[in-house]
């Protein structure tokens with residue numbers, strides 16, 4: 024099943040990898056609901072049919088916050104399986120993947136978004152593995168490489184020089200570990 028034919032598209036990836044930005048720009052006609060917002064999460068928990076009555080095309084961001092909605096989505100797409108009807112996002116989470124895989128089997132296209140690659144960060148073409156045959160001369164790391172390695176590969180941190188200067192990796196890593204349970 025492909026994203027262009029599936030009634031549900033599920034995009035997972037680590038926090039801050041750009042899932043929400045990508046989905047909102049790709050599906051501008053969809054109603055956007057972030058399940059991180061307490062009021063929306065409360066509505067989703069207390070009145071799922073009312074929530075789904077608001078729109079027939081919907082983005083549910085951070086679906087792992089309310090996995091009970093997956094059963095409602097299953098029923099709705101069994102009744103109306105137009106491609107791209109629902110778009111779900113979630114941080115990489117084994118429980119989310121299991122829930123989606125079991126509840127929406129045969130109904131969703133599962134996609135994973137990774138942070139930028141080194142080539143993407145520097146606007147270079149993708150490296151072809153076949154070009155790695157042979158020997159390479161050792162090169163000393165450049166200042167640009169050290170800066171990239173320190174900053175990381177997440178979109179939000181690429182443009183925030185103050186974050187890079189303040190040492191965001193030191194604060195981001197423990198927080199992401201606590202949130203994602205890794």
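Numbering (this note's numbering), first residue to last: 24 to 205. Ideal placement from N, C-alpha and C gives every residue a C-beta, glycine not left out. These figures come from a predicted structure and were not determined experimentally.
> Cα separation between residue 104 and residue 36?
Replying inline: 25 Å
> CA-CA distance, residue 51 and residue 39?
Replying inline: Answer to the nearest angstrom: the Cα atoms are 20 Å apart.
> Quick one, are the C-beta atoms of residue 31 and residue 130 less than 7 Å apart?
Replying inline: yes
> Since residue 232 is in the alpha helix (DSSP H), which residue starts that stretch and which ends it?
Replying inline: In the structure displayed, the chain extends from 24 to 205; residue 232 sits before or after that span and is not available.
> For residue 85, is the beta carbon positioned less than 6 Å from some heavy atom of the ligand NAP?
Replying inline: This structure lacks the ligand NAP; in fact it carries no ligand of any kind.
> Where does residue 52 sit, in a helix, a strand or coil, going by DSSP?
Replying inline: coil
>> The beta strand (DSSP E) that contains residue 41, what's its start and end?
In response: That residue, residue 41, is in no beta strand (DSSP E); it is neither H nor E in DSSP.
>> Given a cut-off of 7 Å on the beta-carbon distance, is the pair residue 84 and residue 43 in contact?
In response: yes
>> I'd like to know if residue 111 contacts chain C, where contact means its C-beta is closer than 7 Å to some C-beta of that chain.
In response: Note that chain C does not occur in the displayed structure, where there is just one protein chain.
> Should residue 112 and residue 34 be called a contact, given that it needs their Cβ atoms to be closer than 7 Å?
Replying inline: yes
>> Quick check on the burial criterion: 16 or more other C-beta atoms within 10 angstroms. Buried or exposed for residue 198?
In response: The predicted model places residue 198 with a pLDDT of 45, which falls under 50 and marks its position as unreliable; any figure quoted below should be read in that light. Classification for residue 198: exposed.
>> As a quick exercise: from 96, 46, 80, pick the residue whose alpha carbon is nearest that of residue 53.
In response: 80
> What do you get for residue 98, buried or exposed, if any count of 16 or more other CB atoms within 10 angstroms of its CB means buried?
Replying inline: exposed
> Just checking my contact of residue 71 with residue 95 at CB under 8 Å: how many whole Å lie between their CB atoms?
Replying inline: 5 Å
>> Taking the alpha helix (DSSP H) that residue 132 belongs to, which residues open and close that run?
In response: Where residue 132 is concerned, there is no enclosing alpha helix (DSSP H), although the beta strand (DSSP E) it sits in stretches over 131-135.
>> Assuming residue 68 and residue 89 are in contact, meaning their beta carbons sit under 8 Å apart, how far apart are those beta carbons, in whole angstroms?
In response: Correct: roughly 6 Å between the Cβ atoms.
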